[in-house]
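Participant:
In full-length UniProt numbering, the protein residues as written are 1 to 333.
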């Protein structure tokens, strides 16, 4: 089997502003509607069920201020035997395609040999883990029912997702009233200003998975990369401050590709946002200056304090990145 960007891409009309949700004739979507919808938690359960169990093809556009729009095609299907399948295809430019069959995710990118990773979520512009397990972020965020409105011609329920300690960006999602699928998602800063938007332009829900999945031969997908097993790393530096609900999910030693220097690496996550932290002892190498860079919704902060040079990278406010970096100190054990 050969997967190419051009062979399975579909175009999105720029002036399309109405979503056509095609429901199957049978009661295939009834289980999604069975969930209670009188609370934000009930709506997010409905969303999670729909995104994980329905067969659908969704066209959406990723919009960022000052950046060209990026159109995507997103397909999801469940086989007769219960195997969940997924495809995400970037339609503009040279393209990028991701295919998931059960817990094997295969990546096809320009100028990079195809490869696969072991995972049950795909890496895309939307928070896949949030769609599957919204309960995972309840310690970090409050869910607020806002009201119902029309989004691209469909009745939708709006849910506001707010950081409990106001340390992270907020999110507004609009869920299709009938299916529970996402129609729109806004990422906003602490002042409510738009940072990113995902806007669905077409959605088709069907009884059977899209014919695309019948063309995939799982045995022909790239082999899963053999990653170095994670070993316990004795902490050199301690992180005294983390946003509410955020925990350390990974810690190891990285070697920087340009300088060859070893740094202590930590990943923090709250289930919605991942933050990468790189820590090393300050050296007289000419790169010990404080740096703050903002690119759209991403923050990169490098801070020097005494013996420590720390870099924090993630979708979070610069103030929060600085709070995390400033709290790091030499481990006492």
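Here a beta-carbon is modelled for each residue, glycine too, at the ideal position from N, C-alpha and C. Keep in mind the model is a prediction, meaning the values are calculated, not measured.
Give me, in chain order, the residues of the same chain whose beta-carbon lies closer than 6 Å to that of residue 146; leave out the 5 immediate sequence neighbours on both sides.
Facilitator: Closer than 6 Å at the Cβ level, and outside the excluded window around residue 146, lie 158, 160.
Participant: Which of the three DSSP states, helix, strand or coil, is assigned to residue 111?
Facilitator: Here residue 111 sits in coil by DSSP.
Participant: How far does the beta strand (DSSP E) with residue 320 in it extend, from its first residue to its last?
Facilitator: Here residue 320 belongs to no beta strand (DSSP E); instead the alpha helix (DSSP H) covers 318-326.
Participant: Enumerate in chain order the residues of its own chain whose CB-to-CB distance from residue 96 is below 6 Å, with the five nearest sequence positions on each side excluded.
Facilitator: So the qualifying residues of the chain are 90, 109.
Participant: Residue 207 by DSSP, collapsed to three states: which one?
Facilitator: Here residue 207 sits in coil by DSSP.
Participant: Looking at the strands, I want to know which residues DSSP matches up with residue 71.
Facilitator: Bridge partners of residue 71: 61.
Participant: Grouping DSSP H, G and I as helix and E and B as strand, with all else coil, what is residue 172?
Facilitator: The answer is strand: DSSP assigns residue 172 an E or B state.
Participant: Quick check on this structure: which residue in 125, 178, 195 has the alpha carbon closest to the alpha carbon of residue 156?
Facilitator: For the residues 125, 178, 195, the minimum Cα distance to residue 156 belongs to 178.
Participant: On the DSSP bridge assignment, give the partners of residue 332 in chain order.
Facilitator: Beta-bridge pairing links residue 332 to no other residue.
Participant: Please tell me whether residue 196 and residue 297 are closer than 7 Å, where the distance is taken between their beta carbons.
Facilitator: Yes. Within cutoff.
Participant: Do residue 271 and residue 86 have their C-beta atoms within less than 7 Å of each other?
Facilitator: No; because the gap between Cβ atoms is not below 7 Å, this pair is not in contact.
Participant: If you check the beta carbons only, do residue 190 and residue 317 fall under 7 Å apart?
Facilitator: Closer than 7 Å, so yes.
Participant: Of all the options 163, 61, 114, which has the alpha carbon lying nearest to the alpha carbon of residue 223?
Facilitator: The shortest C-alpha separation from residue 223 is found at 114.
Participant: With 16 as the cutoff for other CB atoms within 10 Å, does residue 217 come out buried or exposed?
Facilitator: Classification for residue 217: exposed.
Participant: Express the C-alpha separation of residue 118 and residue 187 in angstroms, rounding to a whole number.
Facilitator: Each residue's alpha carbon lies about 28 Å from the other.
Participant: Going by C-alpha distance, which of 273, 301, 130, 310 is nearest residue 262?
Facilitator: Closest by alpha carbon: 310.
Participant: With a threshold of 8 Å on Cβ separation, who are the neighbours of residue 129 within its own chain once the five nearest residues in sequence on each side are excluded?
Facilitator: Counting only Cβ-Cβ distances below 8 Å, and skipping sequence neighbours, we find 121, 136, 271, 272.
Participant: Which term fits residue 332, buried or exposed, when burial requires 16 or more other beta carbons within 10 angstroms of its beta carbon?
Facilitator: Flag for residue 332 reads exposed.
Participant: Measure the alpha-carbon distance for residue 266 versus residue 328 and round it to whole angstroms.
Facilitator: Approximately 12 Å, taken between the alpha carbons.
Participant: In angstroms with no decimal places, state the Cα-to-Cα distance between residue 77 and residue 111.
Facilitator: Looking at the two C-alpha atoms, the distance is approximately 29 Å.
Participant: Within the continuous alpha helix (DSSP H) that includes residue 132, where are the two ends?
Facilitator: Segment 128-132, the alpha helix (DSSP H) holding residue 132.
Participant: Would a C-beta distance cut-off of 7 Å place residue 239 and residue 62 closer than the cut-off?
Facilitator: Contact flag unset, no.
Participant: Helix, strand or coil for residue 296, going by three-state DSSP, please let me know.
Facilitator: Three-state result, residue 296: coil.
Participant: Determine the burial state of residue 176: buried for a count of at least 16 other Cβ atoms within 10 Å of its Cβ, exposed for fewer.
Facilitator: Buried is the call here.
Participant: Taking the DSSP output, what are the residues bridged to residue 90?
Facilitator: Answer by DSSP bridge pairing, in chain order: 72, 96.
Participant: Which residues does DSSP list as the beta-bridge partners of residue 51?
Facilitator: Residue 51 pairs with nothing; no bridge assigned.
Participant: Given a cut-off of 7 Å, decide if residue 57 and residue 204 are closer than it, judged by their beta-carbon atoms.
Facilitator: A contact, by the Cβ cut-off of 7 Å.
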